[in-house]
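Residue numbering for the sequence shown follows this note's numbering, starting at 34 and increasing by one per position.
Think of the CB as a built atom: it goes at the ideal place given N, C-alpha and C, for glycine as much as any other residue.
All values reported here derive from a predicted model rather than from experimental measurement.
First up is the structure itself, then whatever we jot down about it.
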Amino acid sequence: RYDTHTEDEDEDEEDIEEEQNLVARLVHQMRSPSDLDTTFEILRLCKDRFQQGGPLRLKHTLPTVVFDVLQLVKQCEDKEKCKEMLQFMHGTIDLVAEVPQPEKAFKLYLECTLVADLKGLEDSAYDFMTAAFDIYENSIPDTKAQVEALAMLIGTLNECENFGEDNWDTLITSATKWSIKLLKKSDQCRAVYSCSHLFWGKNEDGSIKETSEKVLVCLKRALTIAKQAQGMGKSSRGDVGPVELFIAILNRYLYFFDQQQEDSGVQVIKAEDIQNLLDLVSNETSNEKEGGGADTLKFYHNTLRYIMHLKEKSPEKYAGISLKN
């Protein structure tokens, strides 16, 4: 833990920020050109020294140390050394969270998750990811910040490739659970259909993984939430509601349908699913034309053009999908 610097209360925060930005620039220069271990030791000493600077300084200097050590991990070929440096960064980010700077610590945990996953260090990546989830659950009360943070969590998970089945299932289930708990229905919907990509996967032979069947569950849930959002919109404002949610979900259906191999045994998304949703969107957008919604209509027409492109590319595969207008 850091030592509280009693003078912080009497100092101007803007002056401290300017001063610490200069210190951070200096840290980037503290390296041994040919010796990774020496550079790591230098950064370790920097962190120990910065801990004595108080919370107003820590929030500027410690992230710099984390990013510099991250670069070392990317260069390092020794897995045990990588683990040591990742563990060091975990402790350093914990200090950032205690300052408190939870949102900054949250982003640093996600950065470290990606690097640990890149190195194939699943346990380290899982520890960073669960720490990020912990901050999301307990330290980000603002509704808008929660939406942005959850989007970052889902995006980070989408980039990861080396989690084992058990850890992966735990993480993506947590992401889906928190998606449903967002305050606004429209935010819930967007988060849930984004989570659908986390369940999609293919085996080495190109066949679809069993977990991919949960993609359809996610998309159906997103569609249900979109209908609820639309109903709330009509009752509160008297307008059509968030039709763009239906169109966004339709685009997800199209993506997964296009990814499926026609000769594979499992067909998660069927042409009739897309047709039913396309008919729904067509009806809703006809109402949208009467009430304006230029951006929504543009989104819809772009989607129709995309479907026409897909039908031209793979006429047999998309034969069951009809464009009525």
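#### Entry: Beta-carbon proximity check, Leu231 vs Ile187, cutoff 8 Å
yes
### Message
Do Thr318 and Gln276 count as a contact pair if the criterion is CB distance below 8 Å?
### Response
According to the sequence as given, residue 276 is Val; it is not Gln. Their beta carbons are under 8 Å apart, which means Val276 touches Thr318 by this criterion.
### Query
When you compare only the Cα positions, how much space is there between Leu330 and Phe279?
12 Å
### Task
Let me know the secondary structure DSSP gives Ser67 once reduced to three states.
coil
### Query
Between Val148 and Thr125, is the Cβ-Cβ spacing less than 8 Å?
no
### Task
Could you pull out every unbroken alpha helix (DSSP H) segment of at least 4 residues lying fully inside the stretch 151-198, listed in chain order?
155-172 and 176-192
### Task
Identify whether Lys303 lies in helix, strand or coil by the three-state DSSP scheme.
coil
### Message
For the structure I just gave you, are there three or more beta carbon pairs, one from the stretch 351-358 and one from the stretch 303-316, closer than 8 Å?
### Response
yes
### Message
Using 8 Å as the threshold, is the C-beta distance between Asp150 and Glu194 below it?
### Response
yes
### Through-space distance from Phe290 to Trp233, alpha-carbon basis
11 Å
#### Entry: At least 3 beta-carbon pairs within less than 8 Å: the stretch 129-149 vs the stretch 101-110
yes
### Message
Which of the three DSSP states is assigned to Cys109 in this structure?
### Response
coil
### Message
Give me, in chain order, the residues of the same chain whose beta-carbon lies closer than 6 Å to that of Ala158; leave out the 5 immediate sequence neighbours on both sides.
### Response
Thr146, Ala149 and Asp150
### Message
Which of the three DSSP states is assigned to Ser347 in this structure?
### Response
coil
### Query
Would you report the Cα separation of Pro135 and Ile168, rounded to the nearest angstrom?
6 Å
### Task
Measure the C-alpha to C-alpha separation of Arg254 and Lys247 and round it to an integer number of angstroms.
10 Å
### Task
Classify Asp220 as buried or exposed, calling it buried when 16 or more other Cβ atoms lie within 10 Å of its own Cβ.
buried
### Query
What is the C-beta distance between Lys80 and Val129, in whole angstroms, given that I count them as a contact (C-beta under 8 Å)?
About 11 Å; that fails the 8 Å criterion.
### Task
Under the assumption that Leu343 contacts Val301 (Cβ atoms under 8 Å), give the Cβ distance between them as a whole number of angstroms.
In fact, because the Cβ distance is near 17 Å, the residues do not count as touching under 8 Å.
### Message
Relative to the C-alpha of Lys218, which candidate in Leu69, Ala208, Asp199 and Val180 has its C-alpha closest?
### Response
Val180
#### Entry: Within 8 Å, strictly: CB atoms of Arg285 and Tyr226
yes
### Query
Where do the ends of the alpha helix (DSSP H) carrying Ser227 lie?
Lys218 to Phe232
### Query
Are the Cβ atoms of Ile75 and Arg90 separated by less than 8 Å?
no
#### Entry: Whole-number beta carbon distance between Phe166 and Ser212, since they are thought to touch under 8 Å
Between Phe166 and Ser212 the Cβ distance is about 13 Å, and since that is not below 8 Å, they are no contact.
### Query
Ends of the alpha helix (DSSP H) at Gln292?
Val276 to Gln292
#### Entry: Which listed residue (Leu252, Leu204 and Pro88) has its alpha carbon closest to that of Val132
Pro88
### Query
Taking C-alpha atoms, which residue in Trp201, Phe196 and Cys228 lies nearest to Lys210?
Cys228
### Query
Mind checking whether Glu144 and Phe196 have CB atoms under 8 Å apart?
no
### Task
For Leu190, I'd like the list of residues in its chain whose CB is within less than 7 Å of its CB, leaving aside the five on either flank, ordered along the chain.
Leu204, Ile205, Ala208 and Leu231
### Query
What is the rounded straight-line gap between the Cα of Asn200 and the Cα of Met162?
10 Å
### Message
My assumption, with CB atoms under 8 Å, is that Phe139 sits in contact with Ala182. Please give the rounded CB distance.
### Response
6 Å
### Query
Is it buried or exposed for Asp70, if we count other Cβ within 10 angstroms and need 16 for buried?
exposed
### Message
Suppose the cutoff is 7 Å on Cβ atoms and the five residues either side in sequence are ignored; what does the same chain contact list for Asp127 look like?
### Response
none
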